[in-house]
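S.K.: Dropping the structure in here first, questions after.
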Amino acid sequence: MSKMSRYTKLSGPEYQNPPYSASDEDLPFLPTPREKDDFTSPPPSTPRSRLCSALIVASTSLTLGLLAFILIVAQRRHPQSAVSLWPTYQGGSVVVEHCGNSPQEAQDLGCTWDLMSFGWVHPRCFKPDESQMWLEKYGPWKWYYDLNATQEIAPEDLTTTGRVYTEQGYHVVHCLYIFKLLHMAGMSGHIVTDEAIPLAHTQHCVDMISSPKYTDFKHINTRVDMLFARCVTLN
1 MSKMSRYTKL
11 SGPEYQNPPY
21 SASDEDLPFL
31 PTPREKDDFT
41 SPPPSTPRSR
51 LCSALIVAST
61 SLTLGLLAFI
71 LIVAQRRHPQ
81 SAVSLWPTYQ
91 GGSVVVEHCG
101 NSPQEAQDLG
111 CTWDLMSFGW
121 VHPRCFKPDE
131 SQMWLEKYGP
141 WKWYYDLNAT
151 QEIAPEDLTT
161 TGRVYTEQGY
171 HVVHCLYIFK
181 LLHMAGMSGH
191 IVTDEAIPLA
201 HTQHCVDMIS
211 SPKYTDFKHI
221 NTRVDMLFAR
231 CVTLN
């Protein structure tokens, strides 16, 4: 199952996601006849003044040329400083760490349980203080084995339960949590979980959060499959 489909809506019916004329004010400012009579032409230039003017022009041209040369050299040395077009590819091509395919393998690889991701995440792309802040500020949520919410899951059993059903509120907060981690990684160049990379996951979150159908944060309508995250680069 793809990362974007770990969170799936399952309950109830299918959600549907005056005229202008020229005037004297518009004419160019022209001198009056009297102003023309008062105008005195400048004295003829001397050889010395012509030499000074030529030196000024030459100095200015040389300075501008040198500046252009410096900018060209700097651009070639640091091409990444240029503002490029939007990329046509997604990042995440380099996997730095991974958490295997099972809870036991994840623990053997040193991964940590992150409820905000509902999965196992390697310490290199896990920010525990950030996760804890979101849990304390927006949680807790209820978790169930079934969509009808007849059998609640104990917190200590979540780390070994591959599929759960939970509240709409968790779904929203999870998306915003991933958005913030991706924002921080974008500012620092830090690695992130591969779930944050696909544009399809971001679009899924945007569609869900912006839909007026999903306003009841206590409604049990979200199926979640456990994540075994990979730490990947942004490029």
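Per the working numbering, the very first residue in the sequence shown carries number 1; after that it's consecutive.
Yeah, the Cβ is synthetic: ideal placement off N, Cα and C, and Gly gets one too.
1. Could you round the C-beta distance between PHE126 and MET226 to whole angstroms and report it? I think they count as a contact, below 8 Å.
2. Just verifying my parser: in three-state terms, what is the DSSP assignment at MET224?
3. Could you have a look at HIS171 and say whether DSSP puts it in helix, strand or coil?
4. Would you check if the distance between the CB atom of THR193 and the CB atom of CYS231 is smaller than 8 Å?
5. Going by the beta-carbon positions, is the gap between LEU234 and GLY162 smaller than 8 Å?
6. Out of TYR214, HIS219, PRO198, ASP207, which has the shortest C-alpha to C-alpha gap to SER93?
7. According to the neighbour-count rule (16 or more other Cβ atoms, all chains shown, within 10 Å of its Cβ), is ILE209 buried or exposed?
8. According to DSSP, simplified to helix, strand and coil, what is CYS125?
9. Look at the Cβ atom of SER131, then the Cβ atom of ASP157, and state whether they are nearer than 8 Å.
10. Taking the straight line between their C-alpha atoms, what separation do you get for PRO123 and GLY139?
11. Hey, how far is the Cα of CYS205 from the Cα of GLU195?
12. Find the nearest neighbour of HIS171 within the set TRP120, CYS111, GLU136, LYS218, judged by alpha-carbon distance.
M.R.: Reading off the structure:
1. Taking the first residue of the sequence shown as position 1, residue 126 is located at position 126. Taking the first residue of the sequence shown as position 1, residue 226 is located at position 226. With 8 Å as the limit, PHE126 and MET226 do not qualify as a contact, their Cβ atoms being about 15 Å apart.
2. For this step, residue 224 is matched to residue 224 along the sequence shown. Sequence check: residue 224 is Val here, not Met. Strand at VAL224.
3. By 1-based counting over the sequence shown, the position of residue 171 is 171. The three-state secondary structure of HIS171, taken from DSSP, is helix.
4. For this step, residue 193 is matched to residue 193 along the sequence shown. For this step, residue 231 is matched to residue 231 along the sequence shown. Taking 8 Å as the Cβ cut-off, THR193 and CYS231 qualify as a contacting pair.
5. Position 234 of the sequence shown, counting from 1, holds the residue named residue 234. Position 162 of the sequence shown, counting from 1, holds the residue named residue 162. Result no, Cβ atoms of LEU234 and GLY162 do not sit closer than 8 Å.
6. Locating residue 93 in the sequence shown gives position 93, where the first residue counts as 1. With respect to the C-alpha of SER93, the residue from TYR214, HIS219, PRO198, ASP207 having the closest C-alpha is PRO198.
7. Numbered from its first residue, the sequence shown carries residue 209 at position 209. Classification of ILE209: exposed, given that the 10 Å Cβ count is below 16.
8. Numbered from 1 along the sequence shown, position 125 holds the residue referred to as residue 125. Helix.
9. Looking up residue 131 in the sequence shown gives position 131. Looking up residue 157 in the sequence shown gives position 157. Going by C-beta atoms, SER131 is not nearer than 8 Å to ASP157.
10. As a working mapping, residue 123 is identified with position 123 in the sequence shown. As a working mapping, residue 139 is identified with position 139 in the sequence shown. In a straight line, the C-alpha of PRO123 is about 22 Å away from that of GLY139.
11. As a position in the sequence shown, residue 205 is number 205, starting the count at 1. As a position in the sequence shown, residue 195 is number 195, starting the count at 1. Computed Cα separation, rounded: 12 Å.
12. By 1-based counting over the sequence shown, the position of residue 171 is 171. Among TRP120, CYS111, GLU136, LYS218, the Cα nearest to that of HIS171 belongs to LYS218.
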